[in-house]
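Notes for the one structure printed next.
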Amino acid sequence: MMKKKSVSARKASLVLFLCQMISALDVPLDSKLLEELSQPPTITQQSPKDYIVDPRENIVIQCEAKGKPPPSFSWTRNGTHFDIDKDAQVTMKPNSGTLVVNIMNGGKAEAYEGVYQCTARNERGAAVSNNIVIRPSRSPLWTKEKLEPNHVREGDSLVLHCRPPVGLPPPIIFWMDNAFQRLPQSERVSQGLNGDLYFSNVQPEDTREDYICYARFNHTQTIQQKQPISVKVFSTKPVTERQPVLLTPTGSTSTKVELRGNVLLLECIAAGLPTPVIRWIKEGGELPANRTFFENFKKTLKIIDVSEADSGNYKCIARNRLGSAHHVISVTVKAAPYWITAPRNLVLSPGEDGTLICRANGNPKPNISWLANGVPIAIAPEDPSRKVDGDTIIFSHVQERSSAVYQCNASNEYGYLLANAFVNVLAEPPRILTPANKLYQVIADSPALLDCAYFGSPKPEIEWFKGVKGSILRGNEYVFHDNGTLEIPVAQKDSTGTYTCVARNELGKIQNEVHLEVKDPTMIIKQPEYKVIQRYGQASFECVIKHDSTLLPTIIWLKDNAELPDDERFLVGKDNLTIMNVTDKDDGTYTCIVNTTLDSVSASAVLTVVAAPPTPAIIYARPNPPFDLELTGQLERSVELSWIPGDENNSPITNFVIEYEDGLHEPGVWHYQTEVPGTQTTVQLKLSPYVNYSFRVIAVNEIGRSPPSEPSEQYLTKSANPDENPSNVQGIGSEPDNLVITWESLKGFQSNGPGLQYKVSWRQKDVDDEWTSVIVANVSKYIVSGTPTFVPYEIKVQALNDLGYAPEPSEVIGHSGEDLPMVAPGNVQVHVINSTLAKVHWDTVPLKTVRGHLQGYKVYYWKVQSLSRRSRRHVEKKILTFRGNKTFGMLPGLEPYSSYKLNVRVVNGKGEGPASPDKVFKTPEGVPSSPSFLRITNPTLDSLTLEWGSPTHPNGVLTSYILKFQPINNTHELGPLVEIRIPANESSLILKNLNYSTRYKFYFNAQTSVGSGSQITEEAITIMDEAGILRPAVGAGKVQPLYPRIRNVTTAAAETYANISWEYEGPDHANFYVEYGVAGSKEDWKKEIVNGSRSFFVLKGLTPGTAYKVRVGAEGLSGFRSSEDVFETGPAMASRQVDIATQGWFIGLMCAVALLILILLIVCFIRRNKGGKYPVKEKEDAHADPEIQPMKEDDGTFGEYSDAEDHKPLKKGSRTPSDRTVKKEDSDDSLVDYGEGVNGQFNEDGSFIGQYSGKKEKEPAEGNESSEAPSPVNAMNSFV
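Residue numbers (this note's numbering): 141 to 1420.
See the structure below:
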């Protein structure tokens, strides 16, 4: 027998085709063969087991069968022969066993109820149908009953019973009203599985007289109606709420039996107010996912396709806010018989052996019985070749008389299965069903399938030859299928020829010749290219092809995947398409399709129509893909690849990248092979054994990479020994008694041949042992059991395949599994370095007791108690890990004056070893933490009371407290520091002889014998005397560190307004107000609210020449105000203006100044024309004295005189009016403005106007306490 190979997974369509042919061997599909071969009957069609018929229509009971010779049919009814000829109403269809009972011409369906069975018989046996139970459907009328109205109290539950008549099949129930509208249902009102209508609680809107239950009988297409039911709801106030009570099912438990494969429906409907919500659970498990559904507002649990695993207790829980109720339904899933292995037809030749197997399962387990030709096998004619063994019939050395049809019946209390299987004993010489001299044509590099459909009994053996006198075909380049088909996976040109199929068995031999022609593939060597054409121009696309000379190609052009427009402008040539006078509608994608009888190729290009010719420019693009790839010089480890470059697209090709695909191991995955310069179009490629190569080429230029070329023809290299061994070999035990050897498997192409395996070898290191080896499949792990704990092993893994071994591998060292260390470190010593740090020492353990890789040591330490408090607390162990083989470690973060314990453990890869004995050590005293609190209370004029709490962590025995304090003045400067030592047992102190109304800062800390701890600080103020702010109320408690106050109230007044400013100390975001009134008056204070938290305010509308009192307060602080301040507004200014302006000295001064300025201007003008400088300027340059330098007008700073500044105009208001008077409204710089402070002029924001030719007087830092008059020099400068 020839070697068979399975079909490659990459040929899915081929698999389907072959499967159809293989299945045809059991029952040959050839029509001529079927006419000649004898075959026992086979039932092909029959009516269902439970057949409900419409009593108004003819009854058709189906029974169809096939066989050779054609079978005859007979029937039994209720177990006895049914004589069809004696019943005029019953006929049998010609060439069929189907019965037709004529009901429409006087017959009654009820008369034909019963159990029917059909038998199909010929000379080779008899097949029987299932028992077909015929029952006519029934739709009886509703029994009449007197229905009383239902009077129900609001909130109570109600059940309206439907009780439909029993029909066949059961009717479908629904509730409607008189208008044939379905009654609305909800969580409160719903229909149960039995058809009753349940109200969890009734509402007034439920009152109606037309609750009607309908039953629909589908088989007879009839609907029956129950008499209307009346419901009247009466209200009682208040409505009593009730916890849930189950309406159905009743009681706390119930049972349910369902059959395997059916739908399980469980229902729970509850009464209650508010309406209960239903929830379902399965006790001891989960509801099956994807098969569980909730219906009827979660009142019905539906599980489809149930199985025995769904048996169990299902609990429904009804809940509202008053409580809950539940019910448990115990579900048992039984099973009617179902097939595990149904018997299959046997076609045997004389003298052969065979078996019929009939295996079924169910719950309870079904009983298996056999029949032969419809007769129980116990009473059937004996057959010496047959032996019954339970669910199996064994046939030995059968003869032609052994042909028969056997029936297997599997039954239990829930149903039965009946299967027919024939034994057909045939003695037939081989026949080849494939036509002789059939011609097969394929494209090169594609699979070729040569058919040899055959039949014979016994089953013939198939052999293939090439040529008339050729040798038998064998080898990896061919695949021989069970149905006789010969597959050539990669057909080449030299595969062309005549192939002979030979079929032989003991009764004869036959052969058939078929012919194979391998054609060259069709290629488009000049593809259409992208075109941009001006409107009304001409577009031309090329499609030059290369094809096999024996094939006739046809070229079809498409536009946008549709036929070309029926337009004479489109001219189709032999290898091109031309479009004349292109228009905008010609835009689109044009495709050239080349078809032959064996293959088809296509290429597309886009046409873009533009209105104007594009700007001439060179278009640079990626190159087109190479084409026409060809393999030559095929050797075992090399091949030569050549190609034709595609268009460069105006950018020279710099290099070609060659990629390969391994169709045998990784189909569809492309790998980088090599690359060559852009001037080279051939390359010699190195190959690996046992790889089915395909190559493709990618061109590269400066713009980018081209698309890949079409793949080359495939080339399958021969198998060879592996060239390399697995990498990353390791040996690490996972358990104390094993060694896990792992490695990285070879890739598919590295195997170099089929049957990749690994030889795993190991031996204990430093022991004179032989290597132990085992050969394993293509895996990456092997576990060696029964090894000693943590011993070194030498390991090597060698690859091999069907052709031999890889080179000798290198050895690696691994270790068997680790176990926990055996001993604890000894001689543990602790050296306390200071109160928070200790050093621990230990001796290393012997390495052989580590029983693994030594990872380090762990030190467990914990505080036992504090020596100062003698109180134990929850033990919190701390762990420090010291890597490697260290023998000491530091323990930081210890608490002073405490008792500690520690132990040390050794650690390996498996875990920790035993602990050393606990070692006790104590830390010395340290400095304490800060006192837990410091409170300052009971402030008086000269004393403060201090209270404090002891430190949270004393870290030793407290010896004393240290208190330091010092006063802080108004500018936050610190006064002299006073220090007081306080006994450790004190918790409060009264400081006396302090200054009144003074802020103090306190520093407080505790001490042990080691030293002082960290300090806590606080501030407080002694209260003021009666002249200042009111004392705080008695019992005010703790003094706030910053006592609120307003001080330094300052006023700057003009004629009708005054600017008030102040300083504030206290809480942020205070809201201020200003109170003022006439000094010495008994009138109430006037109050103005300050906008925001500003520290100034402008009082407007004041009377000139009047004395005012003013004070500032803060909102929300009762009685909190500043001391009073008194100011006086200035008198009216008009007379002073006239007096000053009319003074003779003032007029003379102004004239002198004007004359001086004029002289200076003339001199400067002359000097400038001469190109020189003013002498004064030279002097100023020499001395650079800022006190005598003039000022710049733009920023008020000093600078030199320059030509650019000589011609600046005088500022507005610097000239004297014609009447020689100076008016305030005409000048900003009158001499009146330079008077005393109270007579000066203010802006509304309280700032003094001091613009003297651009220079401003410096304002006070705060409060505008005083305003100085400008100097006469500045006043004069304003006129320059």
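All C-beta atoms in this analysis are idealised placements derived from N, C-alpha and C, irrespective of residue type, glycine included.
Take residue i as the anchor and find which of the options has the nearest alpha-carbon.
i	options	result
N1428	I1302, I313, L1034 and R541	The question about residue 1428 has no answer here: the residues shown for the chain are numbered 141 through 1420.
E1119	I224, G728 and Q1106	Q1106
K887	P1064, S901, S867 and K1104	S867
L590	E603, S597 and V914	E603
T395	E407, N402 and L387	E407
D336	E1016, S920 and H301	H301
N1145	R1185, R1187, I1186 and P1091	P1091
S1128	L1086, I517, Y898 and G1270	L1086
V417	F374, V468 and S326	S326
K725	D700, L717 and A745	D700
In whole angstroms, what separates the C-alpha of residue i from that of residue j?
i	j	result
F930	G873	8 Å
N318	H359	25 Å
V1179	S1039	Here V1179 scores only 39 on pLDDT, less than 50, and its place in the model should not be relied on; the value that follows carries that caveat. Using only the alpha carbons, I get a separation of about 42 Å.
P928	P1054	21 Å
V1047	L462	60 Å
K372	P344	8 Å
V869	W902	12 Å
K145	N616	Residue placement at K145 cannot be trusted, given a pLDDT of 35 that sits under 50; what the coordinates show is reported in the next sentence. Distance between the alpha carbons of K145 and N616 is about 9 Å.
M232	A702	56 Å
P280	F314	17 Å
K1018	N967	21 Å
Y922	T882	7 Å
K858	N1025	56 Å
S1221	L1242	15 Å
K826	R777	6 Å
E653	C641	6 Å
G1288	A1294	10 Å
V471	E426	14 Å
K936	C548	58 Å
I583	P661	6 Å
T821	V916	45 Å
R484	V200	29 Å
S135	N1125	For residue 135 there is no data in the structure shown, the boundaries of the chain being 141 and 1420.
So, residue i versus residue j, is the Cβ gap smaller than 8 Å?
i	j	result
N235	P210	yes
V1097	S1008	yes
G996	F1028	no
Y670	W697	no
G893	A860	yes
A978	L1031	yes
L1042	I1163	no
T737	H687	no
G219	T182	no
A743	P668	yes
Which one or two residues does DSSP pair with residue i in a beta bridge?
i	result
M316	R322 and I352
T1021	K998
Q1106	K1141
Y830	According to DSSP, Y830 bridges with nothing at all.
T362	F357
Run through the region 430-518 for me and flag every whole beta strand (DSSP E) of 3 or more residues, listed as ranges in chain order. Fully contained in the region 430-518 are the following beta strand (DSSP E) runs of length 3 or more, in chain order: 432-435, 440-443, 452-460, 463-481, 486-488, 494-497, 499-503 and 507-512.
Contained beta strand (DSSP E) runs [length at least 3] in the region 368-410, N- to C-terminal order: You should have 369-374, 382-388, 393-399 and 404-407.
Which ranges does the beta strand (DSSP E) cover as unbroken runs of at least 3 residues, wholly within the region 751-784, from first to last along the chain? 767-772 and 778-784, all fully within the region 751-784.
Whole beta strand (DSSP E) runs in the region 630-660 with 3 or more residues, listed along the chain? Counting only runs of 3 or more, we get 637-645 and 648-659.
Beta strand (DSSP E) runs wholly inside the region 1219-1261, at least 3 long, in chain order: Correct list: 1226-1229, 1236-1239 and 1247-1254.
Enumerated in chain order, which unbroken segments of the beta strand (DSSP E) with a length of 3 residues or greater are wholly contained in the region 544-615? Counting only runs of 3 or more, we get 544-552, 555-565, 568-572, 578-583, 588-590, 594-597 and 601-606.
Which runs of the beta strand (DSSP E) spanning at least 3 residues fall entirely within the region 879-915, listed in chain order? Qualifying beta strand (DSSP E) stretches, in chain order: 897-904.
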